[in-house]
Amino acid sequence: MGRLCTLDESVSLATMIERIKGNLKLSHLCLALGVGKTLESPVKVVALWFWGQHSTRSGG
Numbered sequence: 010m011g012r013l014c015t016l017d018e019s020v021s022l023a024t025m026i027e028r029i030k031g032n033l034k035l036s037h038l039c040l041a042l043g044v045g046k047t048l049e050s051p052v053k054v055v056a057l058w059f060w061g062q063h064s065t066r067s068g069g
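Following the numbering used here, the numbering of the sequence shown begins with 10 at its first residue and continues without gaps.
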């Protein structure tokens, strides 16, 4: 199951990545970067999807 998060103010994608990793205690995450976007692009809405060890994505 996923989550959709909307921020009050935009932050850079790099900042959002670090916040997500820190808050969820993750060492890494996967993301899709839109055409023409960079790690400094502003982000206000984030969709998160978590998969487990046994999902098709992880090959399990």
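Every residue gets a Cβ at the ideal spot worked out from N, C-alpha and C, and that includes glycine.
Expressed to the nearest angstrom, what Euclidean distance is found between the alpha-carbon atoms of residue i and residue j?
| i | j | result |
| --- | --- | --- |
| V20 | A56 | 15 Å |
| L38 | R28 | 12 Å |
| C14 | N32 | 14 Å |
Within a Cβ cutoff of 7 Å, which residues of the same chain sit near residue i, ignoring the five residues on either side of it in sequence?
| i | result |
| --- | --- |
| T65 | Note that T65 scores a pLDDT of 49, beneath 50, so its modelled location is shaky; the value from the coordinates is reported in the next line. For T65, where only same-chain residues beyond five positions count, there are no Cβ hits under 7 Å. |
| G11 | A56, L57 and W58 |
Which residue from the options puts its Cα closest to that of residue i?
| i | options | result |
| --- | --- | --- |
| W60 | G45, G43 and L35 | L35 |
Output needed for residue i: all residues of its chain with C-beta closer than 8 Å, excluding positions within five of it in sequence on either side, in chain order.
| i | result |
| --- | --- |
| E18 | K53 |
Using a Cβ-Cβ cutoff of less than 6 Å, which residues in the same chain neighbour residue i once the five nearest sequence positions on both sides are dropped?
| i | result |
| --- | --- |
| A41 | none |
| L16 | K53 |
| M45 | The sequence shown places Gly at residue 45, not Met. Excluding residues within five positions, none has a Cβ falling inside 6 Å. |
Nearer than 7 Å: is that true of the beta carbon of residue i relative to any heavy atom of the ligand NAD?
| i | result |
| --- | --- |
| V55 | In the structure on display, the ligand NAD does not appear, and there are no ligands present to speak of. |
At least three beta-carbon pairs within less than 8 Å, the stretch 41-53 to the stretch 13-33: The stretch 41-53, when compared against the stretch 13-33, does touch it at the 8 Å Cβ threshold.
Alpha helix (DSSP H) runs wholly inside the stretch 12-57, at least 4 long, in chain order: Taking only runs of at least 4 residues, the alpha helix (DSSP H) segments lying wholly in the stretch 12-57 are 22-33.
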